[in-house]
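Chain order of the listed sequences is A and B.
Sequential numbering from 1 applies to the first sequence in our numbering.
Sequential numbering from 1 applies to the second sequence in our numbering.
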Amino acid sequence: MLEIKGLEVKLEEEDKQILKGVDLKIGAGEVHAIMGPNGSGKSTTSYVLSGKDGYEVTSGSATLDGVDLLDMEPEERAAAGLFLAFQYPVEIPGVGNMTFLRTAVNAQRKARGEEELSAGDFLKEVREKAKALKIDADMLKRPVNVGFSGGEKKRNEILQMAMLEPKMCVLDETDSGLDVDAMKLVAEGVNALRSEGRSFLVITHYQRLLDHIKPDVVHIMANGRIVKSGGPELALEVENNGYADILAEVA
Amino acid sequence: MALAELKLAATQTRLTGMVMPEGLNDQRVDAMNRVITMGLPHKRDEYWKYTDPATLTQSTPETAALFHNDEGALFADIDRVKIVFVDGVFDADASDDLTCEGVEIGRLADVDGGWAADIYGTLEINGQLHVHRPLAALNTAFATDGVVIRATAKAAKPINIIYLHSDEASDVMLHNLVRVEEGAEVTLLETGPAAARFNKVLEVDVAKTGAFHHVRAQGRDHERRAVTHCFARIADESLFKSFTLTANGVLTRNECIIDMVGDDAVAHVAGACVGDGADFHHDDTVFITHDGLNGESRQVFKKVLRNGATGVFQGKILVKAGAQKTDGYQISQSLLLDDDSQFLAKPELEIYADDVACSHGSTSGAIDDDALFYLQSRGVPRKAATDLLTLAFLAEALDEIADDALADDLRDRLESWLGRRG
Numbered sequence: 001m002l003e004i005k006g007l008e009v010k011l012e013e014e015d016k017q018i019l020k021g022v023d024l025k026i027g028a029g030e031v032h033a034i035m036g037p038n039g040s041g042k043s044t045t046s047y048v049l050s051g052k053d054g055y056e057v058t059s060g061s062a063t064l065d066g067v068d069l070l071d072m073e074p075e076e077r078a079a080a081g082l083f084l085a086f087q088y089p090v091e092i093p094g095v096g097n098m099t100f101l102r103t104a105v106n107a108q109r110k111a112r113g114e115e116e117l118s119a120g121d122f123l124k125e126v127r128e129k130a131k132a133l134k135i136d137a138d139m140l141k142r143p144v145n146v147g148f149s150g151g152e153k154k155r156n157e158i159l160q161m162a163m164l165e166p167k168m169c170v171l172d173e174t175d176s177g178l179d180v181d182a183m184k185l186v187a188e189g190v191n192a193l194r195s196e197g198r199s200f201l202v203i204t205h206y207q208r209l210l211d212h213i214k215p216d217v218v219h220i221m222a223n224g225r226i227v228k229s230g231g232p233e234l235a236l237e238v239e240n241n242g243y244a245d246i247l248a249e250v251a
Numbered sequence: 001m002a003l004a005e006l007k008l009a010a011t012q013t014r015l016t017g018m019v020m021p022e023g024l025n026d027q028r029v030d031a032m033n034r035v036i037t038m039g040l041p042h043k044r045d046e047y048w049k050y051t052d053p054a055t056l057t058q059s060t061p062e063t064a065a066l067f068h069n070d071e072g073a074l075f076a077d078i079d080r081v082k083i084v085f086v087d088g089v090f091d092a093d094a095s096d097d098l099t100c101e102g103v104e105i106g107r108l109a110d111v112d113g114g115w116a117a118d119i120y121g122t123l124e125i126n127g128q129l130h131v132h133r134p135l136a137a138l139n140t141a142f143a144t145d146g147v148v149i150r151a152t153a154k155a156a157k158p159i160n161i162i163y164l165h166s167d168e169a170s171d172v173m174l175h176n177l178v179r180v181e182e183g184a185e186v187t188l189l190e191t192g193p194a195a196a197r198f199n200k201v202l203e204v205d206v207a208k209t210g211a212f213h214h215v216r217a218q219g220r221d222h223e224r225r226a227v228t229h230c231f232a233r234i235a236d237e238s239l240f241k242s243f244t245l246t247a248n249g250v251l252t253r254n255e256c257i258i259d260m261v262g263d264d265a266v267a268h269v270a271g272a273c274v275g276d277g278a279d280f281h282h283d284d285t286v287f288i289t290h291d292g293l294n295g296e297s298r299q300v301f302k303k304v305l306r307n308g309a310t311g312v313f314q315g316k317i318l319v320k321a322g323a324q325k326t327d328g329y330q331i332s333q334s335l336l337l338d339d340d341s342q343f344l345a346k347p348e349l350e351i352y353a354d355d356v357a358c359s360h361g362s363t364s365g366a367i368d369d370d371a372l373f374y375l376q377s378r379g380v381p382r383k384a385a386t387d388l389l390t391l392a393f394l395a396e397a398l399d400e401i402a403d404d405a406l407a408d409d410l411r412d413r414l415e416s417w418l419g420r421r422g
C-alpha cells in the first residue's frame, strides 16, 4: 500500500535536515503506529506525505500502490486515496462544514472520473456517519471547525475520513487534547473504518490510543529515522520505560 | 494655477453646453449654483485623494465596450416590479406596470409638485454639510429621469430598477427618490451597468418605524464607470439597510451618506467587491451621522483584489453631542490575491457624545495558507479551494442582506463569477 524509501527532507526556509532516511512499508489492511520523542520527525513525515509547502525532499521516494506521491499536488494525493487527520484541524470561517464536506467528496469523485453524489444521497450518508460519531446537525451547519472543542474537531476529522473513504489514512496525534471518552469515540470511529483494503498510520505519543486502535506494527522514530520496529509490545515498553532505553540500545 | 481657480475653470468648461431638463426647475438651478460654488472634484481634493475623478468630471465620457454574456437576469426567480432603463432612457415595453400594493411608483420625469418635488435635492443638500459632494449636486441639476417610490404600507414586492447598457458612449444621470411613510416597508433592487458613464443619486427619506432595504448589483461591464450617491435620512425606530455587490468596471465610486436623525434608528451599509486587473478601481465612501439616541450603525465592506486591482474605503462615523448610547461599528477588509493589488483605507471616528460604543477595524490579508492546504488535502483543487475561501471572505458582507432569497441569488452569481472570471 504505502512504501517510503530512504526519505530525506529538509526545511525550505532554513538549512535544517528533518528526515534523514525514513524507510517504511505498510501492507493493505495493516495498522502501523509511529511513536517517538518530540522533534523526531513524526509530524513532518505526515506533512511531506500529504504535500504541505515548506519542505524539500532531497532524496528518497514515497509511493501509494506504486504511484509516486511526492510529485503530486495535495489534492491529487487525496484523490489517489491518501488522507491526513490533522493534529490541529484548521478553522475556516465562512465555509459551512456541510459545504466543505460535499465539495471535498465531489472533488475527489470528479478527479477519479466518478459521478458526483446527489445532494440527497450525500445528506443521507453524512447524517448516518455523523450520528455514529455523535456529531449533531448544528456541528454540520457551523463553519468548519470554528468554535469546535478539541474533541469535536477530532471527531470532525474522522467524519471527513469516513466520508472520503481513503485507502491510506495517516492520523497525526489524533489523541492529543482528547479526554478518555472522546478518545474512545474517535477510536471507535477509526476501527469502524478498518478493512482489508484500508491501511492506517497512527502517529502518537502515548500507548493509550493503541489500546483502542490495535496496531500490527509499532515503529519508534528518533532523529529523523525509524530506529526500531516491533509488535504492539514495543508501545508498552515505551509507556513503561520511556524512550531512553530504546534510544541507548540502537545508538 | 491654484486649485480653486483650476476647479472653477474645469467646472465652467464642464457646464458649458449642458442642458437642464424640464421640471423641478428651482431645485435644478439651486443645484447648479452649488456645483459652481463647490467646483467639481479634483484629484488634489482630500476627499478624492485615492480616486482620480478626472474621467467622472470631464465633458465627454470615455467609451465603454459592451459586455455580453449568457447569464440570465439577476433575481429572475423573485417576484418583483421591473423598471427598465436602457442607457438612462425608460423602456416602457420592457418594464412592468408601475403598480404594486403598498407603494406608489412613478418616474422623476413626470414629477410635478407633491412630496417628490418637496424632497428632491434636499437630502443631497444635507449631505453637503461636512464634505462637498459636487457630483451629486451636478446630478440634481441635470438628472434626466429616475424612479420615485412612496411606500405607504408593507410593499407586496421588491421594486427592481434594471439599468441596461447598449451604447458604448452613453453618459447617463438618473436620480431616484424614496419616501417610506410611518410603519411602511419597501425593498429596492438595482441591477446592471446603466451606461459607459453613470452618475446616479438615490435620496431616501424614512419616517419613524419605517424600513428600507436596498440591494444592488452593479453591472459587470469591464470598462464602465460610475459615481453613485445614496443620501438617507432616517427617523425614530426606523431601519435602513443597503448592500452593494460590485464586480468589474474600470472605476466605481459609491458614496453613502446617512443621517440618523431619530432615536433608536438602525442603519447598516455593506459592500462586497471583486476586482481583477490593474484597470479596476473601486471606492466605497461612507459617512454616517448619529444625531439621535440609541442609534445603531454598521459598515461592513469586503474587497477581493487581484492582478493589480485597487480598492478604496473611506468610512466615517460622526456622533453628535446629543447622540448618547450610540453603537457604531465599522469594518473594512481586503483580500489581496497577489502582491500587485492594493487596498487603501481611511476609517474615521468623530465623537462628541460621552456615552457611546464605537469600533472600527481595517485589514488587508492574503489567502490563509493553512486553510488552503487543509482544503487541498481533502481533495479540493487549489483554484476551487481559493474560490471557496474567497467566497467565505465575502460572506460576512453578504450576510448583511436580510432577505435570504436575494442573498442566495447573489451568492450563486458570485460563485459563478469567481469560477468564470470572464
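Heads up, the beta-carbon is just placed ideally off N, CA and C, and yes, glycines get one too.
- V202 (chain A) does not reach chain B, its nearest Cβ partner there being about 17 Å away, counting only Cβ pairs nearer than 8 Å.
- Under the Cβ criterion of 8 Å, D53 (chain A) is counted among the residues facing chain B.
- Taking a beta-carbon distance threshold of 8 Å, D370 (chain B) counts as an interface residue toward chain A.
- T45 (chain A): member of the alpha helix (DSSP H) spanning K42 to S50, first to last residue.
- For V304 (chain B), no Cβ of chain A is located within less than 8 Å of the residue's own Cβ.
- Under the DSSP assignment, N176 (chain B) falls outside any alpha helix (DSSP H), being part of the beta strand (DSSP E) whose first and last residues are D171 to V180.
- Residue contact check for P381 (chain B) against chain A: a CB pair falls below 8 Å.
- In this structure, DSSP gives P158 (chain B) a state outside helix and strand, which the three-state scheme calls coil.
- Chain B has a Cβ within less than 8 Å of the Cβ of T103 (chain A).
- Listed as beta-bridge partners of R225 (chain A) by DSSP are A:A222.
- Around the beta carbon of S166 (chain B), fewer than 16 other beta carbons lie within 10 angstroms, which makes this residue exposed.
- Fewer than three Cβ pairs drawn from the segment 147 to 167 of chain A and the segment 19 to 26 of chain A lie within less than 8 Å of each other, which leaves the two stretches out of contact.
- In chain order, P143 place their CB closer than 8 Å to the CB of G94 (chain A), counting only its own chain and leaving out the 5 sequence neighbours on each side.
- DSSP places R155 (chain A) in the uninterrupted alpha helix (DSSP H) bounded by G150 to L164.
- Secondary structure note for I257 (chain B): its beta strand (DSSP E) is the uninterrupted segment L251 to M260.
- Pairing L164 (chain A) with E116 (chain A), the inter-Cα distance amounts to about 13 Å.
- For T285 (chain B), same chain residues with a beta-carbon under 6 Å away, outside a window of 5 residues either side, are E255 and Q314 in chain order.
- G39 (chain A) has a beta carbon lying at 8 Å or more from every beta carbon in chain B.
- Y55 (chain A) sits in a strand when the DSSP states are folded into three classes.
- For N199 (chain B), the enclosing beta strand (DSSP E) begins and ends at R197 to V206.
- Here the C-alpha atom of K7 (chain B) lies approximately 10 Å from the C-alpha atom of D45 (chain B).
- For K383 (chain B) and F373 (chain B), the gap between their C-alpha atoms comes out near 12 Å.
- Proximity to R155 (chain A) across A:P166, A:M168, A:G177 and A:K167 peaks at A:G177, based on C-alpha coordinates.
- Following the DSSP letters along the chain, one finds Y329 (chain B) inside the beta strand (DSSP E) bounded by residues D327 to L336.
- In the structure shown, the three-state DSSP call for R216 (chain B) is strand.
- Looking only at A:S118, A:R109, A:G242 and A:E13, the smallest Cα-Cα distance to N38 (chain A) is reached by A:G242.
- Across the structure, F287 (chain B) and A385 (chain B) are spaced so that their CA atoms are roughly 36 Å apart.
- Shown here, I78 (chain B) sits in coil according to DSSP, grouped into three states, outside any helix or strand.
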